[in-house]
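Have a look at the structure below before the remarks.
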Ligand code: BTN
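Numbering (the numbering used here), first residue to last: 913 to 1182.
If you want it as structure tokens, here you go:
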């Protein structure tokens, strides 16, 4: 957290972020853009030229993308919007671990930096109470059954004081939760440091330790969830995640269903 005599910049500065980075790969280089359509699309368009670990962060996005075809609104300087390019030498079936590991890292970093009690909504939203603080959009490019690259796009709401009516019931920002202004450059560096550490320590896998930590911070587990299977609408209690990042849901008849994608509504959250 910022001390009173620290000067808080309200915009992203490469110099301020770099001075706090302890990573070996992530954010080296870090590219700061004033404005872009989407940091995910920008980094994908240059993926062949950029090195593993390159990060692109933008002060605003004109066409920010969310999961499931949704938009991600990024007005100037009120949201941390960045994408990480990864070119890991891993088997394609390990890819599913990357997003939950990143979600876990962001949740730990925000807790550590702000003291706020954030949690994870499976698979990778970071929430405070019943509202969304951060979302992650992962995009994968494959060639002949090998990974060309992965783009991990993270959007974290920092200083918004309100949201458009259609999301105001389920979105929040650090400012709305705490009434405080946090140093976004230091927070950004903390998040990058945590993501690199999480991926490295777990070797891009959902290890037993990662599952344990994820579970302890996952607001979905232990609650009733609603999801679709084909045309059928199902509900049950979320009981665990497995090492494929799937959510295990126990239905009323005691059978376990494995949920691996799409939208899950969690009772009492969204
Ligand atoms: C979600 O729907 O929860 C995922 C939101 C991801 C938003 C981030 S902002 C930076 C990056 N660029 C994009 O266009 N999207 C991601």
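Note that CB positions come from ideal geometry on N, CA and C, so glycine has one too. Note that the structure is predicted; figures quoted are calculated from it, not measured.
By the three-class DSSP mapping on this structure, what secondary structure does residue 1084 have? For the purposes of this step, residue 1084 is identified with residue 172 of the chain shown, where counting begins at 1. Reduced to three states, the DSSP call for residue 1084 is coil.
Pick helix, strand or coil for residue 946, following the three-state DSSP scheme. Residue mapping note: residue 946 aligns to position 34 of the chain shown, counting from 1. In this structure, residue 946 counts as strand in the three-state DSSP scheme.
So residue 976 packs on residue 985, CB below 8 Å; how close in whole Å? Within the chain shown, numbered from 1, the residue matching residue 976 stands at position 64. Within the chain shown, numbered from 1, the residue matching residue 985 stands at position 73. Residue 976 to residue 985, Cβ: 6 Å. Contact.
Going along the chain, which unbroken runs of the beta strand (DSSP E) with 3 or more residues stay wholly within the segment 1144-1178? 1144-1153, 1159-1163 and 1168-1171
One or two residues paired with residue 991 in a DSSP bridge: Numbered from 1 along the chain shown, position 79 holds the residue referred to as residue 991. DSSP lists 1069 as partners of residue 991.
Around the C-beta of residue 1078, are 16 or more other C-beta atoms found within 10 angstroms, so that it is buried, or is it exposed? Reading the chain shown from its first residue, position 166 is the one you call residue 1078. When all chains shown are included, residue 1078 counts as exposed.
With distance defined between alpha-carbon atoms, name the residue in 1177, 1053, 1179 and 1153 nearest to residue 1168. Counted from its first residue, the chain shown places residue 1168 at position 256. For the residues 1177, 1053, 1179 and 1153, the minimum Cα distance to residue 1168 belongs to 1153.
To the nearest angstrom, report how far apart residue 1140 and residue 1002 are at their CA atoms. On the chain shown, residue 1140 is found 228 positions in, with the first residue counted as 1. On the chain shown, residue 1002 is found 90 positions in, with the first residue counted as 1. If you take the alpha carbons of residue 1140 and residue 1002, they lie about 31 Å apart.
Exposure of residue 936, with buried meaning 16 or more beta-carbon neighbours within 10 Å: As a working note, residue 936 is residue 24 in the chain shown. Looking at its Cβ environment, which holds fewer than 16 other Cβ atoms inside 10 Å, residue 936 is exposed.
When DSSP labels each residue in this structure, what does residue 1016 get in the three-state scheme? For the purposes of this step, residue 1016 is identified with residue 104 of the chain shown, where counting begins at 1. Reduced to three states, the DSSP call for residue 1016 is helix.
Suppose the cutoff is 8 Å on Cβ atoms and the five residues either side in sequence are ignored; what does the same chain contact list for residue 1131 look like? For the purposes of this step, residue 1131 is identified with residue 219 of the chain shown, where counting begins at 1. Same-chain partners within the cutoff: 1031, 1032, 1033, 1039, 1178 and 1181.
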